[in-house]
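Colleague: The opening residue of the sequence shown carries number 51 in the working numbering; numbering runs sequentially from there.
Glycine is no exception: its CB is placed at the ideal position from the N, C-alpha and C atoms.
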Amino acid sequence: MAKLLTPEKRIEQARLLVQEARDLPLSEDAGWSNFSYVANVKETLRKAFELIKLIPYSPSASADTKKEVKALIEEIKQAEQEILHKT
51 MAKLLTPEKR IEQARLLVQE ARDLPLSEDA GWSNFSYVAN VKETLRKAFE LIKLIPYSPS
111 ASADTKKEVK ALIEEIKQAE QEILHKT
């Protein structure tokens, strides 16, 4: 059976995944490798979101934790915009 993660641990892991998405190397050539880069970024950010998406609905989570999760969800959305929409 899988080990349950505390909300704090989930938030910590989600922050690490956001940083991992920011650190993914962008290939110099355009083409299929760029599609792979976009897919990797989206997948990593999706994993981060999936870790924390239900915490705001948990009755055992504190108000501060819920506020932190909402801020992190916004950070994930902003990170996707920053990473994939660079000019």
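(1) When you compare only the Cα positions, how much space is there between Ala98 and Leu134?
(2) If you follow the alpha helix (DSSP H) that Ala113 is part of, which residue opens it and which one closes it?
(3) Return yes when the Cβ of Val119 is within less than 8 angstroms of the Cβ of Ile105, no when it is not.
(4) Around the Cβ of Glu62, are there at least 16 other Cβ atoms within 10 angstroms (buried) or fewer (exposed)?
Modeller: On the basis of the supplied data:
(1) Counting only the Cα atoms, Leu134 lies some 16 angstroms from Ala98.
(2) Counting along the chain, the alpha helix (DSSP H) containing Ala113 begins and ends at Ala113 to Leu134.
(3) It is a contact, given that the beta carbons lie within the stated cut-off.
(4) With fewer than 16 other CB atoms across the displayed protein chains lying within 10 angstroms of its CB, Glu62 is exposed.
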